[in-house]
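A quick write-up on the structure given underneath.
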Amino acid sequence: MEVYDPLTDSWASRAPLPEPIHHVNAAAVGGRLYVVGALGDGFAAVGSAYAYDPGTDTWTAKQGMPADTERGASGVAVIGSRIFVAGGFRSRSVDEVSAYDTTLIDTWERLPPLPEPLDHLVGAAVDGRFYALGGRREAPTNRVDTFDPSTRQWSSRAPMPTPRAGCAAGVLGGRIYVLGGEGNPSTPSGVFSENEAYDPATNQWTTASPMRTPRHGIGTAAVGDVLFIPGGATLQGLGAVDTHESFRLSSAP
């Protein structure tokens with residue numbers, strides 16, 4: 373694992389994951405990094421869960437995903453102490469939704485499923501609601517759905533202007549920014565540079581400054597008013613790069 377320090381603009385190596393996995397479902401809660409499900413060799417679903425403590429540079433095994441719910445390439449976001457995991461891939465696209473409680477309870481809860489099976493989607497949380505955006509089943513989608521934990525119900529929201537999968541999502545200033553992705557029919561690379569912002573208060577999308585390097589297979593993390601987008605790939609299905617860009621709220625709509 374590698375860690376980036378925005379203050380020094382430098383990278384450092386840290387303790388590796390306990391097992392080799394990819395398409396991980398990852399989120400930060402309470403100063404720790406959690407990995408809850410992933411894909412392994414041959415794109416087999418992996419249900420392992422781990423917590424990383426940056427203070428001790430150690431990984432700890434946690435309660436794994438229940439049997440027959442293992443998956444990676446899901447949409448993930450945090451509400452309170454719970455990590456919501458929506459959809460994903462387990463030999464096919466799935467509609468399963470579950471929440472992992474990171475407190476001492478260390479348990480999983482099965483939640484109402486997505487309106488349709490999707491993998492390579494992204495998740496975000498704003499004002500106590502979980503949002504599932506984009507992804508694919510057979511083709512990239514632009515659908516957006518929101519889940520209200522208090523009513524345990526899903527509802528559809530305004531679709532993304534650009535259908536895509538394998539993108540990244542981050543929240544700045546109450547808006548959800550969706551960046552990059554794959555499934556672009558207008559370019560040989562099949563990859564997007566688009567950055568589109570969704571305002572849950574108005575249920576409207578606006579266009580933001582695009583990434584300088586189109587990429588898919590990316591993740592993003594917010595530090596203050598900045599989204600950091602490291603790595604990814606520049607060709608659909610392959611083309612891994614070490615590109616690292618940031619997007620500042622001051623340049624947002």
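So the mapping is simple: my numbering equals the position in the sequence shown, first residue as 1, plus 372. Backbone N, C-alpha and C define an ideal beta-carbon position, used for all residues, glycine too.
Span separating the alpha-carbon of residue i from that of residue j
i: Ala624; j: Ala580; result: Confidence in Ala624 is poor, its pLDDT being 48 and thus under 50, which makes the residue's placement too unreliable to answer from.
i: Ala387; j: Thr574; result: 43 Å
i: Thr518; j: Leu389; result: 31 Å
i: Ala449; j: Phe456; result: 5 Å
i: His616; j: Gly603; result: 6 Å
i: Gly552; j: Glu568; result: 9 Å
i: Gln435; j: Ser420; result: 8 Å
i: Pro535; j: Ala612; result: 22 Å
i: Leu493; j: Thr428; result: 32 Å
i: Gly459; j: Pro378; result: 32 Å
First through last residue of the beta strand (DSSP E) which encompasses residue i
i: Gln576; result: Gln576 to Thr579
i: Ala384; result: Ser382 to Ser385
Any C-beta of chain D under 8 Å from that of residue i
i: Pro438; result: Of the protein chains in the structure, only one exists, and it is not chain D.
Own chain, CB closer than 6 Å to residue i, minus 5 neighbours either side, in chain order
i: Ser465; result: Pro489, Leu490, Asp491 and Arg509
i: Phe600; result: Ala593 and Ser618
Beta bridge counterpart(s) of residue i as assigned by DSSP
i: Thr518; result: Tyr503 and Ser527
i: Leu610; result: Leu607
i: His492; result: For His492, which the question treats as bridged, DSSP gives no partner whatsoever.
i: Asn556; result: Paired residue(s): none; Asn556 is not in a bridge.
i: Phe619; result: Leu599
Residues near residue i by beta carbon distance below 8 Å, same chain, minus five either side
i: Asp597; result: Leu544, Gly545, Arg620, Leu621 and Ser622
i: Phe564; result: Thr534, Arg536, Cys539, Gly552, Gly553, Glu554, Gly555, Asn556, Pro586 and His588
Spatial neighbours of residue i in its chain, beta-carbon cut-off 7 Å, leaving aside the 5 residues before and after
i: Arg697; result: In the structure as shown, the chain starts at 373 and stops at 625, and residue 697 therefore has no counterpart that could be examined.
Subject >> the region 532-548 / the region 493-503 touching (three or more Cβ pairs under 8 Å) >> reply: These segments touch.
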